[in-house]
């Protein structure tokens with residue numbers, strides 16, 4: 006990361022992963038003046054970006070340039086570890102891998118070790134925000150990694166997020182925080198669902214309960230947005246699908262278990278999501294978890 | 006409730022219960038121009054109000070005047086049913102009993118039946134807000150009861166609250182909503198505690214997690230205020246003590262159970278509070294529940 010590299014890095018960026026968050030992030034980077042070399046496992050998704058000026062490449066390694074930057078946002082730990090193989094890390098050399106996927110802190114540390122062997126750096130940068138927030142450049146980014154690397158990637162973050170929170174130099178820290186946040190999000194859904202079932206079976210529409218609470222003592226995005234989903238029983242289309250959030254909950258469980266932290270609410274959330282999958286509802290949004298409490302109470306939403 | 010009664014009702018009010026919420030509410034009513042006839046089980050607490058112009062009486066029944074209004078805010082269902090005996094209901098006659106206590110919907114309905122026998126009305130009016138919110142006239146009031154009675158008590162509510170939410174004419178409805186809200190509040194504490202224990206044992210201070218989340222996707226009073234309590238391990242003095250909130254959780258449990266609504270998070274919250282009492286921590290605030298997840302993870306907060 007010498008001065009010359011930093012200069013070029015703010016211009017051209019490798020980009021891997023055009024999922025529900027990746028695509029709007031890539032579009033905002035293009036609109037913000039970055040040149041992108043884009044790779045996506047499913048090639049069709051990249052086609053639209055080409056017309057917006059992106060260079061579409063055929064493999065992860067082709068997104069990397071020596072001393073440059075690659076931003077990856079893929080579905081799970083396995084995907085990130087597969088793409089960031091020795092060849093990829095060597096190609097990126099002394100550059101920076103901005104790792105936005107929700108993965109375990111262990112995976113972030115392993116990723117950082119791989120890049121370090123070639124003089125490279127990892128900035129863990131998981132994000133909070135649903136696809137519509139990504140489109141609106143309203144993401145919140147949690148970062149961890151070396152101070153110099155975080156400084157170098159700031160122009161990227163400024164183009165796609167409304168704020169950045171720094172959790173220090175230990176590269177796994179931001180991932181720990183992201184997992185905790187997703188756990189809290191899911192716990193809020195379950196709590197709202199149990200409360201909603203309770204009031205409805207006592208004659209009060211869940212909309213009356215949730216509209217009151219989310220305009221007063223629970224007037225924050227998680228309760229407002231997921232509360233709306235529960236009120237309207239809007240489980241499709243999935244902005245954040247059940248298989249993806251269940252993956253996250255399993256990461257929380259492993260991270261907690263390794264550190265010897267019992268999390269009783271977490272365990273019941275995992276069972277709720279397993280039930281959703283057992284019923285073939287893989288296509289539902291995370292808010293679909295609310296159906297568990299409702300159905301257990303004999304309600305149909 | 007004829008015109009004459011309504012006129013006098015906006016001036017003089019019976020007031021029962023000078024607890025952590027009752028006292029600031031009574032003070033705000035006095036400051037707002039209401040004359041109060043005050044009763045409290047512990048007489049000393051009423052003395053200070055006398056110097057602010059209240060008339061202190063020696064029994065609940067003396068707070069009531071025919072066709073007038075009495076506001077009660079006492080600790081539990083038993084207390085409200087004991088004070089609102091036949092003599093009290095007869096004395097109040099065609100007046101209105103504003104019942105602010107957190108009690109079960111069943112108790113509200115029973116109370117309304119008692120008053121109805123003497124031509125009187127009950128407005129259920131449980132409130133959301135800690136003592137400091139009561140002092141600042143920042144309470145949120147949930148109401149249910151007859152439309153005419155709710156209209157008549159509006160000047161009282163306008164003097165002490167920042168907003169009123171109406172849940173219809175079935176008198177127990179507001180109580181159902183209040184119980185659901187207190188459950189959600191407690192569930193939020195447990196979820197934050199589990200998440201905090203998880204991050205801390207993975208090297209991230211709980212303050213870093215909670216400060217980030219409560220300034221972004223969880224930036225609402227419940228998470229901000231109880232998050233602060235968890236960060237600072239501030240469990241005393243209790244604004245909302247553990248025995249009181251455990252009482253509320255048992256009311257939620259009974260209300261849910263009667264309506265056949267399983268609430269798995271609720272059950273673990275009750276166990277957490279029971280453990281607090283088992284350890285002799287009755288004096289702690291509701292936020293003390295957070296210690297359960299911390300101690301189970303081998304942490305000392």
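Chains as they are written, first to last, in this note's numbering: chain A, 6 to 306; chain B, 6 to 306. We treat Cβ as the ideally placed atom computed from N, Cα and C, and that holds for glycine. All of these numbers come straight from a predicted model, not from anything done at the bench.
Fewer than three Cβ pairs drawn from the segment 206-218 of chain A and the segment 272-280 of chain B lie within less than 8 Å of each other, which leaves the two stretches out of contact.
Chain-ordered listing is empty here: chain A has no CB closer than 9 Å to the CB of residue 278 of chain B, the nearest sitting near 14 Å. Identification of chain A residues near residue 133 of chain B by a Cβ-Cβ cut-off of 8 Å yields 221, 222, ordered along the chain. Around residue 301 of chain A, the beta-carbon contacts reaching into chain B at under 7 Å are 267.
Apart from the 5 residues on each side of it in sequence, residue 22 of chain A sits with its Cβ closer than 6 Å to the Cβ of 77, 78, 79 in its chain, given in chain order. Here DSSP, grouped into helix, strand and coil, assigns residue 231 of chain A to helix.
At least one CB atom of chain A sits nearer than 8 Å to the CB of residue 227 of chain B. Selection B:285, B:57, B:63 evaluated against residue 47 of chain B yields B:63 as nearest (Cα-Cα).
The criterion of a C-beta distance shorter than 8 Å is not satisfied by residue 289 of chain A and residue 254 of chain A. Residues of chain B with a Cβ closer than 8 Å to the Cβ of residue 20 of chain A do not exist, since the nearest Cβ in that chain sits about 25 Å away. Taken atom to atom, the span from the alpha-carbon of residue 97 of chain A to that of residue 139 of chain B is near 59 Å.
Residue 49 of chain A and residue 58 of chain A have their C-alpha atoms spaced approximately 15 Å apart. DSSP, reduced to helix, strand and coil, places residue 61 of chain A within a strand of the structure shown.
Residues of the segment 169-188 of chain B with a C-beta atom less than 7 Å from some C-beta of chain A are 170, 172, 175, 178, 181, 182, 185, 186, 188, listed in chain order. Within the DSSP secondary-structure output, residue 101 of chain B pairs in a beta bridge with B:74, B:126. Think of a sphere of 9 Å around the beta carbon of residue 233 of chain B: no beta carbon from chain A falls inside it, the nearest being about 14 Å out. Of all alpha-carbon atoms in B:131, B:171, B:283, B:141, the one lying nearest the alpha-carbon of residue 36 of chain B is that of B:141.
Contact annotation, residue 116 of chain B with residue 127 of chain B: C-beta distance approximately 5 Å; criterion of less than 8 Å satisfied.
Excluding sequence positions up to five before and after residue 246 of chain B, its CB lies within less than 8 Å of the CB of 287, 288, 289, 290, 291, all in the same chain and listed in chain order.
8 Å or more divides the Cβ of residue 75 of chain B from the Cβ of residue 30 of chain B.
Under the 10 Å beta carbon count, residue 91 of chain A is surrounded by fewer than 16 other beta carbons and is classified as exposed.
Excluding the 5 residues flanking it on each side, residue 198 of chain B has same chain C-beta neighbours closer than 8 Å at 235, 294, 295, 296, 297, 298, 299, in chain order. Between residue 43 of chain B and residue 193 of chain B, the alpha-carbon positions lie close to 36 Å from each other.
Listed in chain order, the beta strand (DSSP E) runs fully inside the segment 162-189 of chain B are 166-171, counting runs of at least 3 residues. Rounded to the nearest angstrom, the gap between the Cα atoms of residue 190 of chain B and residue 39 of chain A is 44 Å. The C-alpha of residue 122 of chain B is placed about 43 Å away from the C-alpha of residue 230 of chain B.
Here residue 226 of chain B is buried. Its C-beta has 16 or more other C-beta atoms within 10 Å. With a threshold of 8 Å between beta carbons, residue 112 of chain A makes no contact with chain B.
Residue 113 of chain B is not a Cβ neighbour of residue 158 of chain B, given a cutoff of 8 Å.
Within chain A, no C-beta atom comes less than 9 Å from the C-beta of residue 45 of chain B; the nearest is roughly 27 Å away. Proximity of chain B to residue 140 of chain A at the Cβ level (cut-off 9 Å) is not reached, the minimal Cβ distance being about 17 Å.
At a cut-off of 8 Å between beta-carbon atoms, residue 206 of chain B makes contact with chain A. Chain order gives no chain A residues near residue 291 of chain B, where near means a beta carbon separation below 7 Å; the closest approach is about 13 Å. Closest in alpha carbon position to residue 283 of chain B, among B:266, B:306, B:248, B:264, is B:248.
Note on geometry: alpha-carbon atoms of residue 269 of chain A and residue 303 of chain B lie some 15 Å from one another.
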